[in-house]
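Note that the protein sequences, when read in sequence, are chains H and E.
Everything in the first sequence is counted per the numbering used here, starting at 1 for the first residue and increasing by one.
Everything in the second sequence is counted per the numbering used here, starting at 1001 for the first residue and increasing by one.
All C-beta atoms, glycine included, are put in the ideal place defined by N, C-alpha and C.
Here the structure is a predicted model, which is why all the values come from computation and not from measurement.
Working notes, beginning with the structure itself.
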Amino acid sequence: MLNRREFGMLGAGLAMSGLAPRLAMAKDSGFKIMMTPKWTGFPYFELTGDGAKAAAKDLGDTVIYAGADHADVSLQVETLQNFVTQKPDAIILAAIDLNAVAPVLVDARKKGIVVATYDADAAVPARDFFCNQLSYEQAAKLMLDCALIDVPEGGEIAFIAASPTSPNHMAHIKIMTELSQSDAKYKVFKPVDTQFAADDDAKSYDVAVNLMQAHPNLKVIISSSAVSAPAAARAIEASGHVGKVYATGFALPSAIKRYLENGSQKAFGFWDPFELGYVVAYETHMKLAGKFDPSKVGATIEVPKANATFTAGKDGEVVYGKPLIFTKETVGKYNF
Amino acid sequence: MASRAKRQWPFWEIALVVAIFAAGAWSSTLSPYYLSVDQLFSSTRAFIIPGLLALGLAVVVSFGEIDISLASTLAVGTVALSKFSAAGAPLSVAAPIVVLICGVCGVFNGVLVAKWRLPSLAVTLGTMGAFRGLAFIVGSEVGYTDFNDAYSWLGSEYLFGGVVPASLILFAVAAIAVWFLMHRTIYGRRCFSIGLNPDAAWFAGVGVIGVKIAAYALAGAFAGLAAIVWIGQYGSARGDNADGSILFVVTAVVLGGMDINGGRGTISGVALALFLLGTIRNGMGLANIGGPTQTVVLGLLLVGGVLRPAFAAALARLRRPVESADAGA
Chain H
1 MLNRREFGML GAGLAMSGLA PRLAMAKDSG FKIMMTPKWT GFPYFELTGD
51 GAKAAAKDLG DTVIYAGADH ADVSLQVETL QNFVTQKPDA IILAAIDLNA
101 VAPVLVDARK KGIVVATYDA DAAVPARDFF CNQLSYEQAA KLMLDCALID
151 VPEGGEIAFI AASPTSPNHM AHIKIMTELS QSDAKYKVFK PVDTQFAADD
201 DAKSYDVAVN LMQAHPNLKV IISSSAVSAP AAARAIEASG HVGKVYATGF
251 ALPSAIKRYL ENGSQKAFGF WDPFELGYVV AYETHMKLAG KFDPSKVGAT
301 IEVPKANATF TAGKDGEVVY GKPLIFTKET VGKYNF
Chain E
1001 MASRAKRQWP FWEIALVVAI FAAGAWSSTL SPYYLSVDQL FSSTRAFIIP
1051 GLLALGLAVV VSFGEIDISL ASTLAVGTVA LSKFSAAGAP LSVAAPIVVL
1101 ICGVCGVFNG VLVAKWRLPS LAVTLGTMGA FRGLAFIVGS EVGYTDFNDA
1151 YSWLGSEYLF GGVVPASLIL FAVAAIAVWF LMHRTIYGRR CFSIGLNPDA
1201 AWFAGVGVIG VKIAAYALAG AFAGLAAIVW IGQYGSARGD NADGSILFVV
1251 TAVVLGGMDI NGGRGTISGV ALALFLLGTI RNGMGLANIG GPTQTVVLGL
1301 LLVGGVLRPA FAAALARLRR PVESADAGA
């Protein structure tokens, strides 16, 4: 019993000693930043982690990158809980479920920890700002532009999303559907179906095959999932639909290079994940140093390495917004 | 047989206790943040939800069957709770009905397995998908988060000066209740007897079908209880709640010494295995050890748990000559 009380006092002592420097503040480097992606081990997220570490190196901070090896929200909450216990200056995450991570993040913010999201946002009160890779509108247009490169004359298109609860995928599909009805440039497309594949390679393959069987006039399969889009490209090749059906959407260049080079596919879109990681860590540093306030609409931040200035929008959303299109000619330039 | 079993030392439980302390000591060297009362208690919250599922699963495993649909049943429970919350029903009304709904999911499994004699792995693999789909349909495309404080009390409140999670106390009560059921009542003995030899149990007058259906119903009801804790802990009801957590649950049951073929095992072992897994995960998490490494460790422990009966049998074979010599003298 006495032991336990002693431990308790030890804990309280640690908590206070951890709090003291934060109250004193006025630091402008040497921050401890902890980062967790949706899941570790996937090249895209590893690159964002490398980018954040590069920013930390330039600015004199430390970035610790950790997380579970599959997208499981209860494991992500556990990771975040462990982060909070370690009293970092800031936490950066890509949220699996925007609401489920909210309680632990709100708790973190109460303790004075700056919370930033990238790739996939958390509930607005649970974080300080969201470094959005592309606005939903930009993303939707980018994917439709790729589809136009595939099939300039248009036709039937179908979507593959991760699940009905993945916020960005569903928003992209909604906007793409609206654009195909309202925007003259995209009116050539007619959305016919939406299927779900849980960011799973084998499932995406099966779903793509089913879509081609169910819709004989299908021209393009579009997915915001960097897992599903390459799987659809593989399914098109394996089922002998090359030249009749195209896959597009978001994909890592390394995953779709061979399809672009052998001519079975024409275009995919993405952004630079390394630079996205760099930018979110840079913005986090500036927020900690008091040089960037994302809560003020119109606040700007210049990131020299990214050659760009970013502006805070509504609800602390800072759009990174540098889309890339990979084609046969350009795909060789990228090494991720 | 029973009296002899009682006199034996519970070697596996002792081994688990030793392992828990070893893991704790190791964790405290991994991370300076590990050893504080607040941290230790709040870290237990990470395994209370799989823990409740494991208690239910242990009852099913005691007679040699399995239920891998429990995580999906939990999702049915969370989306059902969201409907009650949206309708403004008080928790005192919603909670029993949700536990009942999840229990009915369990009964469905139980009838297919016990009455129609279908293999439980195939049945619950099917219902794992079916219940998950049901949760997605009922929960619709967007998650529900608008729970009031009464709904989240059980999963988010800390008692005794804000140190002990309320859900930990719930888990302790549940564990003791299941321990009593399995080791101090006739029902528990019937479960284990079916696991040892279903035909012999039937000839001895055990209502095999009823016992099995009751166990599946209990496991489902525990998933419903876990759903209530989930809402408090994460505040989010969606079709994909607890997806992928079943590996941890099965690992805890097997590592706890429940024979996957039925007939042997203890609930205290399962509870200790949960503490061991929780301690290891907590320590590795605080040391920011990568996810793949953690999964490998979890998988190795599962293999260790499965190999344990074979290892114990080999040990027993080595010891047997000595024992018979003792009996002769």
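Three-state class that DSSP yields for residue i in the structure shown
{"i": "Gly155/H", "result": "strand"}
{"i": "Phe129/H", "result": "strand"}
{"i": "Asp249/H", "result": "Residue identity check: residue 249/H is Gly in the sequence provided, not Asp. The answer is strand: DSSP assigns Gly249/H an E or B state."}
{"i": "Lys305/H", "result": "helix"}
{"i": "Phe336/H", "result": "coil"}
{"i": "Asp50/H", "result": "helix"}
{"i": "Ser223/H", "result": "strand"}
{"i": "Gln195/H", "result": "strand"}
{"i": "Ala94/H", "result": "coil"}
{"i": "Leu23/H", "result": "Confidence at Leu23/H is low in this model, with a pLDDT of 45, below 50, so the placement of that residue is unreliable and no value is reported for it."}
{"i": "Pro88/H", "result": "coil"}
{"i": "Ile1101/E", "result": "helix"}
{"i": "Glu329/H", "result": "coil"}
{"i": "Tyr1033/E", "result": "coil"}
{"i": "Phe1160/E", "result": "coil"}
{"i": "Leu324/H", "result": "strand"}
{"i": "Thr1044/E", "result": "helix"}
Residue span of the alpha helix (DSSP H) that contains residue i, given as start and end
{"i": "Ile1228/E", "result": "Val1208 to Tyr1234"}
{"i": "Met212/H", "result": "Asp201 to Ala214"}
{"i": "Ile1014/E", "result": "Phe1011 to Leu1030"}
{"i": "Met1258/E", "result": "Note, Met1258/E: premise wrong, no alpha helix (DSSP H); not H, not E."}
{"i": "Ala238/H", "result": "Ser228 to Ala238"}
{"i": "Thr177/H", "result": "Pro167 to Ser182"}
{"i": "Val1270/E", "result": "Ile1267 to Leu1286"}
{"i": "Tyr278/H", "result": "Pro273 to Leu288"}
Residue j beta carbon less than 7 Å from that of residue i
{"i": "Gly154/H", "j": "Val188/H", "result": "yes"}
{"i": "Ala55/H", "j": "Tyr320/H", "result": "no"}
{"i": "Ile1068/E", "j": "Trp1179/E", "result": "no"}
{"i": "Gln1039/E", "j": "Thr79/H", "result": "no"}
{"i": "Glu302/H", "j": "Ser264/H", "result": "no"}
{"i": "Val114/H", "j": "Leu288/H", "result": "yes"}
{"i": "Gly1155/E", "j": "Gln1233/E", "result": "yes"}
{"i": "Ala1273/E", "j": "Val1099/E", "result": "no"}
{"i": "Gly1110/E", "j": "Ile1194/E", "result": "no"}
{"i": "Cys1286/E", "j": "Asn82/H", "result": "First, the residue type needs correcting, since residue 1286/E is Leu and not Cys in the sequence shown. Taking 7 Å as the Cβ cut-off, Leu1286/E and Asn82/H qualify as a contacting pair."}
{"i": "Ser1028/E", "j": "Leu1035/E", "result": "yes"}
Per-residue burial, residue i [other beta carbons within 10 Å of its own, 16 or more giving buried]
{"i": "Pro37/H", "result": "buried"}
{"i": "Phe1248/E", "result": "buried"}
{"i": "Ile221/H", "result": "buried"}
{"i": "Gly30/H", "result": "exposed"}
{"i": "Lys110/H", "result": "exposed"}
{"i": "Thr1127/E", "result": "buried"}
{"i": "Asp119/H", "result": "buried"}
{"i": "Pro1119/E", "result": "exposed"}
{"i": "Trp1012/E", "result": "buried"}
{"i": "Pro125/H", "result": "exposed"}
{"i": "Phe1275/E", "result": "buried"}
{"i": "Pro323/H", "result": "buried"}
{"i": "Thr48/H", "result": "buried"}
{"i": "Thr327/H", "result": "exposed"}
{"i": "Thr1251/E", "result": "buried"}
{"i": "Trp1230/E", "result": "buried"}
Candidates the options: closest to residue i by CA position
{"i": "Ala71/H", "options": "Phe1063/E, Asn1241/E and Ala1312/E", "result": "Asn1241/E"}
{"i": "His1183/E", "options": "Ala1094/E, Gly1064/E, Gly1265/E and Pro1119/E", "result": "Gly1265/E"}
{"i": "Ala1019/E", "options": "Gly1224/E, Leu1255/E, Ala1215/E and Lys1212/E", "result": "Leu1255/E"}
{"i": "Ala1223/E", "options": "Ser1193/E, Leu1121/E, Gly1077/E and Gln1233/E", "result": "Gly1077/E"}
{"i": "Tyr1216/E", "options": "Val1270/E, Val1113/E and Trp1202/E", "result": "Val1113/E"}
{"i": "Phe250/H", "options": "Gly269/H, Tyr259/H and Ser264/H", "result": "Gly269/H"}
{"i": "Glu1065/E", "options": "Val1017/E, Leu1272/E, Ile1176/E and Thr1124/E", "result": "Thr1124/E"}
{"i": "Ile1246/E", "options": "Asn1282/E, Thr1293/E, Leu1159/E and Ala1058/E", "result": "Ala1058/E"}
Residue i: first and last residue of the uninterrupted beta strand (DSSP E) it sits in
{"i": "Gly269/H", "result": "Phe268 to Phe270"}
{"i": "Val1111/E", "result": "Note, Val1111/E: premise wrong, no beta strand (DSSP E); not H, not E."}
{"i": "Glu317/H", "result": "Glu317 to Val319"}
{"i": "Thr79/H", "result": "Thr79/H -> not in any beta strand (DSSP E); alpha helix (DSSP H) instead, spanning Val73 to Thr85."}
{"i": "Ile33/H", "result": "Lys32 to Thr36"}
{"i": "Ala1177/E", "result": "Careful: Ala1177/E lies outside any beta strand (DSSP E), inside the alpha helix (DSSP H) at Ala1166 to Arg1184."}
{"i": "Thr117/H", "result": "Val114 to Tyr118"}
{"i": "Ile64/H", "result": "Thr62 to Tyr65"}
Any non-hydrogen atom of the ligand PLP within 6 Å of residue i CB
{"i": "Thr48/H", "result": "Summarising the ligand content, the structure contains no ligands, and the ligand PLP is consequently not present."}
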